[in-house]
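Notes follow the structure.
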Amino acid sequence: IPVEDFDLVIFGGTGDLARRKILPGLFRRYLSGQMPVESRIIGAARSDIDSDGYRTMIKEAILEFGGEESQDSNGLDAFLAQIEYVPIDAKGEGGWVELAELVRNDVVQAFYFSVAPSLFGDLAERLHRHKIASATSRIVVEKPFGRDLESARKLNDVLALHFDEGQIYRIDHYLGKETVQNLMAVRFGNVLFEPLWNNHYVDHIQITVAETVGVGGRGSYYDKSGAMRDMVQNHLMQLLCLIAMEPPSQFGADEVRDEKLKVIRALEPIMPHHIVRGQYENSANGPSYREDAENPRSHTESFVAMKCHISNWRWSGVPFYLRTGKRLKARTSEIAVVFKPLGHSIFEGQEEQQNILAIHLQPNEGIDLQVTIKEPGPGGMRLVNVPLDMTFAEALGDSDVEVTDAYERLIMDVIRGNQTLFMRGDEVEAAWGWTDPIIEGWEARNDVPKTYSAGSSGPDDALMLLHRDGRKWREIK
Ligand code: NAD
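Heads up: the sequence shown begins at 6 in UniProt numbering, then just goes up one per residue.
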């Protein structure tokens, strides 16, 4: 879908996120012909460099992080010609007049706040005071959106002073993944799944976001946050909402977000014995969490697993098991919808198989449906479970499907003015409203996380969470 002419200002344009994700992503969109020739990207950050210096920095970043496409040097030079830079101080007055002169009023204006959230209010106020932003401008804000309900409310309030909700794009890059959008297509574009999508047919749902990396490098930041704030409140809860929401009346931003909000509001408060916190220990292949965090007495969790219930007609009695952690066995993110076993099997002596719809988000995106078939060959009536592969690239032919990074997809949605895949302020607040009591409970009890070895699937207690229910986690692989 083509986009209109735009000016995109990236505050924090010299930062890690801008160099690793935002600009390489925009370059890929440029190469696909999605950046109109008059459009401009304007970096704005504290570094005292000029536009040429910035272009050099971005060229290096794209060559390093841009993947194969970045080797197109003609394309890269032409892309860089559409980039400008203004040194700016979010907290002071320097640079704002220059920025006001540069940003055009007759094109789509987007302002990406790729800076610490403590600067959001300053940026919003100055954009307004210097009459750079208008009632149709869009702003994009990054995570973390608060660290609890109170701070998220403050951020929402400070942005609301100058921007309407319809102008604010809160990014959760998990929602930008191809497969997450395909999940909605599969659910709502087929007659097959929706009739089964309820407590009559679904036994349980598992959501896993496993990482192999530790917190090294950003340990002191992470230590104030932990897996619950860093991963569950945003990414895992967003995935939970998409899988559990009622069908919206149409695929519009507010219709979808209204339904997601209802899921969060229907989440039951979690029981302490339905949640397991973990922290990785040191091992042959690396230091412990506490060493990484440089906090020998840290009680922050690098892993969390939990059993949740959604108290509504559709999901009553269906557990949703969520887990996420660092330094686990493999880097993998997936949602698995595990259907109930057959009521009665006509195949005597055969192990019972369950249908599972597995939605893979990482490292390879795709969806497969585990179905039971007869093992081919003359060996008699033996049943096997095989994945019915719904990986789109293969079905549609490799050349037709580009691998787009979540960031570039979301940025293009900002330019198109489509908020469907962005979190609304009330959703974020509701999510904190659910996680806050859990975190407060840990703090009040001075809860000590269980240890787990690096490269494992997490603490044993997390395995027990499902074993107790006669179920098991899917293997992290
Ligand atoms: P960074 O520290 O690498 O860069 C910060 C940027 O902000 C720099 O360009 C700096 O010049 C600019 N800046 C700082 N103070 C400023 C001021 N007073 N006025 C103007 N500019 C100022 O940070 P980052 O890793 O790029 O992260 C940016 C934001 O994105 C943060 O909120 C972070 O939490 C979020 N985020 C980052 C990542 C990531 O992978 N890096 C992922 C998700 C979210």
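Don't be surprised by glycine CBs; every beta carbon is placed ideally from N, CA and C.
Query                                                                                                                           : Result
Contacts around K136, its chain only, beta-carbon distance under 8 Å, and the 5 residues preceding and following it disregarded : A105
Cα-Cα separation, T217 to N317                                                                                                  : 35 Å
Enclosing beta strand (DSSP E) for K455 [first to last residue]                                                                 : K455 to S458
Which listed residue (K159, D169 and F118) has its alpha carbon closest to that of residue 513                                  : There is simply no residue 513 to check, as the chain begins at 6 and stops at 482 in what is shown.
The stretch 109–123 in contact with the stretch 69–82 per 3-pair CB rule at 8 Å                                                 : no
Test item: CB-CB of Y174 and R131 under 7 Å                                                                                     : no
A298 beta carbon less than 7 Å from that of D228                                                                                : yes
Under 7 Å between C-beta atoms of P277 and E264                                                                                 : no
Secondary structure of R25, DSSP reduced to three states                                                                        : helix
Of the listed residues R429, L415 and L197, nearest to V8 (C-alpha basis)                                                       : L415
Residues that P92 bridges to, as DSSP identifies them                                                                           : A50
Classification of D405 by the beta-carbon crowding that lies within 10 angstroms, buried from 16 upward                         : Caution is warranted here: a pLDDT of 41 is assigned to D405, below 50, making its placement in the model unreliable, and the coordinate value is therefore given only provisionally. Exposed, because fewer than 16 other Cβ atoms sit within 10 Å of the Cβ of D405.
Alpha-carbon to alpha-carbon, Y90 and I15                                                                                       : 9 Å
Chain-order list of residues whose beta-carbon lies under 6 Å from that of T19 (same chain, five-residue window excluded)       : A50 and S52
In DSSP terms, what N317 is bridged to                                                                                          : Its beta-bridge partners do not exist; DSSP assigns none.
Contact test: T19 Cβ vs the ligand NAD heavy atom, cutoff 6 Å                                                                   : yes
Unbroken stretches of the alpha helix (DSSP H), 4 residues or longer, contained in the stretch 267–303                          : 294–298
Closest by C-alpha distance to G151, when choosing among L180, A363, V433 and S458                                              : V433
Local Cβ density within 10 Å of A215, reported as buried at 16 or more and exposed below that                                   : buried
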